[in-house]
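**Q** The sequence shown begins at 1 in full-length UniProt numbering and counts up one residue at a time. Backbone N, C-alpha and C define an ideal beta-carbon position, used for all residues, glycine too. The structure's right below; bear with me while I get my questions together.
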Amino acid sequence: MGDANSNPPPHYHHTQNVVHIPLSDPGKIQDPNVRRLLSRRPGYLEDTSWWNLCRTSYIGGKPWFDDGNLPAHVLEMRTNSSMHKGVRQDNLIPVPGGNVKSAGAPMFETRNEYDMRVSQGFRLNLTREIVEPLSGLLEQHPSHVNLPSVSGLEDFNKQADIARTESLESMLNTASEWAGVLGIYYVWVDNTLTAEQLDESLSAAGVEPNKQGQIPASLAPESQPYARLVDPGNVLDGFHDEAGKLVEVLMAEYRHNGKQLGHGSATELFYRYVTREFWQVWQLQRTAKGKMKAVLIEEGVNHIGQIPLIPIMAWDTPGEPWRGRAIVEDAVLTDRALAGLASSLLFSLENDSDSQTLAIGDLTGFDGPDDPKLHMAMAQVTETLRSRIGMLHKGLSVEVLNKNSGQKDQMLETYKDIMTLQLRMVGLADKVDDPSAESGIARLRRHQILNALLGTMAEARAQAHRDALTSATLWLGGDADAIERGTVIAPKKFGTRSLPDLMLFHRELRDGAAPPEWQKKILWEMWQQAFGDKPEEWMAQSQQELDAWQPPEQPGDVLRDMSGALEGE
Numbered sequence: 001m002g003d004a005n006s007n008p009p010p011h012y013h014h015t016q017n018v019v020h021i022p023l024s025d026p027g028k029i030q031d032p033n034v035r036r037l038l039s040r041r042p043g044y045l046e047d048t049s050w051w052n053l054c055r056t057s058y059i060g061g062k063p064w065f066d067d068g069n070l071p072a073h074v075l076e077m078r079t080n081s082s083m084h085k086g087v088r089q090d091n092l093i094p095v096p097g098g099n100v101k102s103a104g105a106p107m108f109e110t111r112n113e114y115d116m117r118v119s120q121g122f123r124l125n126l127t128r129e130i131v132e133p134l135s136g137l138l139e140q141h142p143s144h145v146n147l148p149s150v151s152g153l154e155d156f157n158k159q160a161d162i163a164r165t166e167s168l169e170s171m172l173n174t175a176s177e178w179a180g181v182l183g184i185y186y187v188w189v190d191n192t193l194t195a196e197q198l199d200e201s202l203s204a205a206g207v208e209p210n211k212q213g214q215i216p217a218s219l220a221p222e223s224q225p226y227a228r229l230v231d232p233g234n235v236l237d238g239f240h241d242e243a244g245k246l247v248e249v250l251m252a253e254y255r256h257n258g259k260q261l262g263h264g265s266a267t268e269l270f271y272r273y274v275t276r277e278f279w280q281v282w283q284l285q286r287t288a289k290g291k292m293k294a295v296l297i298e299e300g301v302n303h304i305g306q307i308p309l310i311p312i313m314a315w316d317t318p319g320e321p322w323r324g325r326a327i328v329e330d331a332v333l334t335d336r337a338l339a340g341l342a343s344s345l346l347f348s349l350e351n352d353s354d355s356q357t358l359a360i361g362d363l364t365g366f367d368g369p370d371d372p373k374l375h376m377a378m379a380q381v382t383e384t385l386r387s388r389i390g391m392l393h394k395g396l397s398v399e400v401l402n403k404n405s406g407q408k409d410q411m412l413e414t415y416k417d418i419m420t421l422q423l424r425m426v427g428l429a430d431k432v433d434d435p436s437a438e439s440g441i442a443r444l445r446r447h448q449i450l451n452a453l454l455g456t457m458a459e460a461r462a463q464a465h466r467d468a469l470t471s472a473t474l475w476l477g478g479d480a481d482a483i484e485r486g487t488v489i490a491p492k493k494f495g496t497r498s499l500p501d502l503m504l505f506h507r508e509l510r511d512g513a514a515p516p517e518w519q520k521k522i523l524w525e526m527w528q529q530a531f532g533d534k535p536e537e538w539m540a541q542s543q544q545e546l547d548a549w550q551p552p553e554q555p556g557d558v559l560r561d562m563s564g565a566l567e568g569e
């Protein structure tokens, strides 16, 4: 369905061209082709805005801060103090309703203050903490594939991308990872020949159409299927039948225009419109009078009779075929709120800023910003903060500058507790600080949650694998019915011993909670399930600890609980 060489390059991890389309009201445009290219399905703008937040939350780093995820501070002032005296009104970050400067009214921090705070901000990436362990475990447990005898299908399964360097399973693992972040991702299965090349090849071979008037593309000697990943933001509009299958779809894609570097942009935006009968590639251009026109670049017959755009979703949402439910739906909002909180408090503590203190502090009981008691309280919290800031999941809480500085330790735990709770909700965290606080039943329950998540993701990956093989089979001239449910079988069990589990149980065993034979057995089983290969240095160190082990006077029952969990999986 187009020149393979003009399509985007093979997908690379964590990179994707997301098209931002110039929108206008299609109803005011006379040209029906322009109206079609500018049409957007209901909810498209809302979905792309949400996907951009999820995407930058997962990628993290500077892009997350550049997207304006840290809100501006509102400075709560009892009186109109001199802190903004002489500050130009247009230097303040805009407030809904305007910047009112009457006594006691809230004002936003200045642009310089905001920029400085953002430049010094930090964020612990909760979104990645959730997705990467799940994606890593899923990748370690591939689907079992039983390919039918269709010529060329095995090559496609092993080398699916246009460069013939990446397997279909590997591409689907990447799609699954991003489906966990965004809720949905796509695989597009196309043919390597242009419409003109395909027609010429078939004509030269003397191939006649079948009863349906179609000519299998596979009869062209040079024809072969390939797959590429498609970001959901590039799927602009479409229509599904009652069975949930696409009837038509409009996609955006970038193509190389042949220009060399230094001679203008080397990529241009194109629109691909596909139905079950035909496909077209269009481009929007401006006329001499500034009006927009649609230019048909190429078109051809859809030789496979279906639209090979295959969605992969961890969880689908009934009635919403364009938007699945992401694993990190709530975590994205949680870690944005926590990062905003951490940024506010850290900036106040590090810079001893009066205005920021007023923004987040409770000044009741203090004589004002210059009160030595206030600065002493800030110094105490700063010292505690700096001792914790490098530790995983340690951070700040909303009441850190409360006048009751004796509560600071409890407050500093709030940030960590919220993150840990979010991780525990998807089965990825444990109370590693207190091994005795959770029973074997609770651990087993956490592993069941994790296995359920992985099972759902694995089945979604397997279904997308079957659908991609079906499209490839049609491109190869085979029978689509050759791809059955048993062609791709999702794994049922997963090694869910996460690194926190290894740390937890290693500590329990080291503290003498079980006899040596149980220690070695469980450590070995956990490592194999989590990582696969035998770690020689780590096991040697563990063996030294085992050799030095002495039984406690009253052995705990941790291993009795744990043995039941292992046998129950």
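May I ask you to list the residues that DSSP assigns as paired with D190?
**A** Y226
**Q** Looking at S135: is its Cβ nearer than 8 Å to the Cβ of G180?
**A** yes
**Q** Compute the distance between the beta-carbons of R461 and T487, then report whether it is under 8 Å.
**A** No, these two residues do not count as a Cβ contact at 8 Å.
**Q** Does the count of Cβ pairs from the stretch 274-292 and the stretch 312-324 closer than 8 Å reach three?
**A** No contact exists between the stretch 274-292 and the stretch 312-324.
**Q** Identify the continuous beta strand (DSSP E) that holds F122 and give its terminal residues.
**A** Note, F122: premise wrong, no beta strand (DSSP E); not H, not E.
**Q** Using the Cβ count rule (16 or more neighbours within 10 Å means buried), how would you classify A235?
**A** The amino acid occupying residue 235 in the given sequence is Val; Ala does not appear at that position. The residue is buried, with at least 16 neighbouring Cβ atoms inside 10 Å.
**Q** If you compare alpha carbons, which of V118, V274, L269 is closest to D190?
**A** V274
**Q** Straight-line CA distance for M251 to R323?
**A** 16 Å
**Q** With DSSP collapsed to three states, give me the class of T110.
**A** strand
**Q** By DSSP, does V34 sit in helix, in strand, or in coil?
**A** helix
**Q** Just reading off the beta strand (DSSP E) that D237 is part of, what are its end residues?
**A** 235-240
**Q** Since E320 sits in a beta bridge, which residues does DSSP pair it with?
**A** T317
**Q** Sorted by chain position, which residues of the same chain lie with C-beta nearer than 7 Å to S218's C-beta, five sequence neighbours on each side aside?
**A** Here the model assigns S218 a pLDDT of 49, short of 50, so the residue's position is not dependable, and the following value carries that caveat. Same-chain partners within the cutoff: W475, L476, G477.
**Q** Residues in the same chain with beta-carbon distance under 8 Å from F270, minus the five sequence neighbours each way, listed in chain order, please.
**A** A252, E253, Y254, R255, V281, W282, Q283, I297
**Q** Would you check if the stretch 118-131 and the stretch 63-72 touch, i.e. whether three or more CB-CB distances between them fall below 8 Å?
**A** With the cut-off at 8 Å, the stretch 63-72 and the stretch 118-131 touch.
**Q** Let me know if T56 comes out buried or exposed under the rule of 16 or more other beta-carbons within 10 Å of its beta-carbon.
**A** buried
**Q** Could you check the C-alpha separation between Y185 and D479 for me, to the nearest Å?
**A** 26 Å
**Q** At the level of alpha carbons, what is the spacing between A490 and Q224?
**A** 27 Å
**Q** Let me know the secondary structure DSSP gives T287 once reduced to three states.
**A** coil
**Q** List the DSSP bridge partners of A252.
**A** Y271
**Q** Going straight from the alpha carbon of L229 to that of A160, what length do you get?
**A** 11 Å
**Q** By how many angstroms is the C-alpha of V187 removed from the C-alpha of Y114?
**A** 41 Å
**Q** Based on the DSSP secondary-structure assignment, which residues constitute the bridge partners of G305?
**A** Paired residue(s): none; G305 is not in a bridge.
**Q** For N157 and D231, I'd like the C-alpha separation in whole angstroms.
**A** 21 Å
**Q** Please go through the same chain and pick out, in chain order, the residues whose beta-carbon is closer than 7 Å to the beta-carbon of E177, but skip the five residues on each side of it.
**A** V131, S135
**Q** Alpha carbon to alpha carbon, what distance is there between G60 and residue 623?
**A** Since the first residue of the chain shown is 1 and the last is 569, residue 623 is not available in this structure.
**Q** Determine the DSSP secondary structure at F156, reduced to helix, strand or coil.
**A** helix
**Q** Mark H73 as exposed unless 16 or more other C-beta atoms lie within 10 angstroms of its C-beta, in which case mark it buried.
**A** The residue in question, H73, is buried, as its Cβ has 16 or more Cβ neighbours within 10 Å.
**Q** Give the straight-line distance between the Cα atoms of H506 and F494, rounded to the nearest whole angstrom.
**A** At H506 the pLDDT is 49, less than 50, meaning the model places this residue with poor confidence and gives no usable figure here.
**Q** For E299, which residues of its own chain have a beta-carbon under 8 Å away from its beta-carbon, when the five flanking residues on both sides are left out?
**A** A195, F278, W279, Q280, V281
**Q** Since R325 sits in a beta bridge, which residues does DSSP pair it with?
**A** Bridge pairing for R325: W315 [DSSP].
**Q** Can E139 and N173 be called in contact, C-beta distance under 8 Å?
**A** yes
**Q** What distance in whole Å lies between the Cβ atoms of G305 and R276, which are believed to be in contact at a cut-off of 8 Å?
**A** 6 Å
**Q** Could you have a look at F278 and say whether DSSP puts it in helix, strand or coil?
**A** strand
**Q** Among W51, I29, D31, which has the Cα closest to the Cα of I327?
**A** W51
**Q** Between K62, K293, E154, which lies nearest to I29 when the distance is taken from Cα to Cα?
**A** In terms of CA proximity to I29, K293 leads the group K62, K293, E154.
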